[in-house]
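Input: a single structure, listed below in structure tokens.
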Amino acid sequence: MQLFIDKRYIDEDCNFLHQNLKEEETFVDLGANIGTWSLMACQIVGPKGKVIGFEPHPLTYKFYSENIQLNKFEKIATAYNVALGDTTGMVKFSSIFDDMNKVVTDDSNSISVSQNLLDDFTADLKSIDLMKIDIEGYELMALKGAKETLLKTNKVYFESSEILQKPFNYTAGDLIQFFNNHHFQVFNPADLSKPLDENYQSAEHENLLAIRSSPVNHS
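For the sequence shown, position 166 (counting from the first letter as 1) is numbered 236 according to the numbering used here, and the numbering increases by one without interruption.
Here is the structure:
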């Protein structure tokens, strides 16, 4: 099965993962889609590592689960068909034929999906080495449901886009403030010398990296 369409982006993602994830570590994937990041993470962490992924759209989740099985990563990866937010219940989720489906604030072209807190899935994890969040503007809500999880997380690689955040009434600065309040500093991944402050704006779609001020011990 051919997973990768744009090799340039895949190479960038692969390089980032190899720089920030190691054998036997734990990776959590919010917005797993068909599993591109999860599969690469499985290759890196190996049979003694863990990959936990979340994909809300039922059809996309089906492809995600099948890709895990096709690559024989069932003993490494666990996939969940839920959305993640700051409340439990049902939410409206777009359902169009692309890879940009997301939680929506209206009923047009939408389906109902189950939403849970990330904290409900991570109680048994001692530590999380890297978390990736790419959920089309819903990042802050997912993080608000992950406060206990963040206590044992070292790095969070997340999408930031003022356009996608606007329907949910928050900004990139609000995300940075949230991370700062939970003992993380946020950086542009290309420049780890200077943390971003709460006045920062994401002028376009970009990925930022939150790093815990004091790394979590694996013991």
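Note that the Cβ used here is the ideal one computed from N, Cα and C, for glycine as well.
All of these numbers come straight from a predicted model, not from anything done at the bench.
Local conformation of residue i per DSSP, three classes
| i | result |
| --- | --- |
| residue 267 | coil |
| residue 262 | coil |
| residue 218 | helix |
| residue 99 | strand |
| residue 243 | helix |
| residue 272 | coil |
| residue 256 | strand |
| residue 108 | helix |
| residue 168 | The predicted position of residue 168 is uncertain, since its pLDDT is 49 and thus under 50; no value can be drawn from it. |
| residue 138 | helix |
| residue 236 | helix |
| residue 226 | strand |
| residue 158 | coil |
| residue 120 | strand |
| residue 143 | coil |
Contact check, residue i vs residue j, beta carbons under 9 Å
| i | j | result |
| --- | --- | --- |
| residue 114 | residue 87 | yes |
| residue 228 | residue 278 | yes |
| residue 137 | residue 104 | yes |
| residue 106 | residue 198 | no |
| residue 286 | residue 254 | no |
| residue 149 | residue 216 | no |
| residue 219 | residue 185 | no |
Nonlocal neighbours in the same chain, by C-beta distance under 7 Å from residue i, ignoring five residues either side
| i | result |
| --- | --- |
| residue 212 | 100, 154, 155, 188, 203 and 205 |
| residue 82 | none |
| residue 270 | 242, 243 and 246 |
| residue 146 | 112, 115, 117, 119, 120 and 121 |
Sequence-distant residues of its chain with Cβ nearer than 8 Å to residue i (five each side left out)
| i | result |
| --- | --- |
| residue 93 | 114, 115, 116, 118 and 119 |
| residue 232 | 241, 242, 271, 272 and 273 |
| residue 73 | With a pLDDT of 49 at residue 73, under the threshold of 50, the predicted position of this residue should be treated as unreliable, and no value is reported. |
| residue 76 | The pLDDT assigned to residue 76 is 44, lower than 50, so where the model puts this residue is not dependable; a value taken from the coordinates is nonetheless given after this. Closer than 8 Å at Cβ, skipping near neighbours: no residue. |
Spatial neighbours of residue i in its chain, beta-carbon cut-off 6 Å, leaving aside the 5 residues before and after
| i | result |
| --- | --- |
| residue 268 | 243, 246 and 247 |
| residue 168 | Because the pLDDT of residue 168 is 49, which lies under 50, any placement of that residue in the model is unreliable, and the number read from its coordinates should be weighed accordingly. Same-chain partners within the cutoff: there are none. |
| residue 200 | 90, 91, 97 and 225 |
| residue 209 | 203 and 228 |
| residue 182 | 160 |
| residue 131 | 125 and 151 |
Please list the segments of the alpha helix (DSSP H) lying wholly inside the region 173 to 216, counting only runs of 4 or more residues, in order along the chain.
209 to 214
Validate contact between the region 183 to 198 and the region 245 to 263 using beta carbons, cut 8 Å, 3 pairs
no
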